[in-house]
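Notes follow the structure.
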Amino acid sequence: FPLFSSLAMREVPASHGAIVIGLLPLATAVFAAWFGRERPSPAFWLSAVAGSALVVGFAVWQGAGGLQHADWYLFAAVVLGALGYAEGGKLSRELGGLETISWALVVSLPVLVPVVAWLTLRDLPSIAAASPRAWGGMAYVSVFSMFVGFLFWYAGLAKGGVARVGQIQLLQPFLTLAGGALILAEPLDVPTIAFAVAVIAVVALGRRAAVQQSAPAPAPETPPILPGRIH
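Last residue of the sequence shown: 242 in the numbering used here, with the numbers rising by one and none dropped.
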């Protein structure tokens, strides 16, 4: 998810990425129903699909009649992120939020170390010339976005259900739009804000719809031990 979203942000403004990432709540609910034994009601699916239709419509309109190349990166990020949220939420019910994100980082360490080492050696001059502001942004993303945020996120998914709590991601477009305007000085036009508000309003209605949790399959019964003599 971070890799594909970062690749996309090199080609599209953060405001555009915020709207496309609005597909993440629907994708998370799909994987929650598929792998997590959650059963959202038809009203929930109706509102979620309506919100996603608005998101795709915005992407097509923003791309002058077609998807931009970077949108494929964003859609890949959505699929991988939703799958990770569904599996992480299910695992957090057994391990807890802190243990889930900590073990995820430990497991990924053997893959990340050689990649980080190679990228560091390749881009060493650029890294050495990075400004304190850039290092501050890296520190924030590393500590809060990739660890502290996921700690609370997985804990919330475990307690409230992946499909229902996943709808809180609808706040992300607003926060990203505001951050893009304040930090990156990106302009906000009226259609972008209108699409964002419409997506939030439509899909937020689905949070009031019922989401049932299917009971896990019963464990096989242990055959009774009959008394007998030991020879």
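Yeah, the Cβ is synthetic: ideal placement off N, Cα and C, and Gly gets one too. This one's a predicted model, so the numbers in the text were calculated from it and none came from an experiment.
Can you tell me where the alpha helix (DSSP H) holding residue i begins and where it ends?
{"i": "residue 104", "result": "80-106"}
{"i": "residue 144", "result": "143-151"}
By Cβ distance, which residues of its chain are closer than 6 Å to residue i, with the 5 residues on each side in sequence left out?
{"i": "residue 37", "result": "59, 63"}
{"i": "residue 88", "result": "12, 15, 16"}
Please classify residue i: is it buried, with 16 or more other beta-carbons within 10 angstroms of its beta-carbon, or exposed?
{"i": "residue 195", "result": "exposed"}
{"i": "residue 123", "result": "exposed"}
{"i": "residue 169", "result": "buried"}
{"i": "residue 150", "result": "exposed"}
{"i": "residue 127", "result": "exposed"}
{"i": "residue 155", "result": "exposed"}
How is the beta strand (DSSP E) around residue i delimited, first residue to last?
{"i": "residue 175", "result": "Counting along the chain, residue 175 falls outside any beta strand (DSSP E), though it belongs to the alpha helix (DSSP H) covering 173-177."}
{"i": "residue 51", "result": "49-51"}
By how many angstroms is the C-alpha of residue j removed from the C-alpha of residue i?
{"i": "residue 192", "j": "residue 131", "result": "30 Å"}
{"i": "residue 216", "j": "residue 111", "result": "30 Å"}
{"i": "residue 166", "j": "residue 108", "result": "4 Å"}
{"i": "residue 19", "j": "residue 187", "result": "14 Å"}
{"i": "residue 120", "j": "residue 24", "result": "30 Å"}
{"i": "residue 72", "j": "residue 190", "result": "23 Å"}
{"i": "residue 137", "j": "residue 160", "result": "28 Å"}
{"i": "residue 51", "j": "residue 147", "result": "41 Å"}
{"i": "residue 56", "j": "residue 222", "result": "10 Å"}
{"i": "residue 83", "j": "residue 197", "result": "22 Å"}
{"i": "residue 171", "j": "residue 162", "result": "14 Å"}
What does a CB cutoff of less than 7 Å around residue i pick up in its chain, not counting 5 residues either side in sequence?
{"i": "residue 214", "result": "36, 58, 59, 62, 178, 181"}
{"i": "residue 102", "result": "111"}
With a CB to CB cut of under 8 Å and the five nearest residues on each side skipped, what residues in its chain are close to residue i?
{"i": "residue 173", "result": "39, 40, 42, 43, 47, 49, 96, 97, 100, 101"}
{"i": "residue 104", "result": "169"}
_Quick test of the definition: if touching needs 3 or more C-beta pairs under 8 Å, does the segment 28-43 touch the segment 168-183?_
yes
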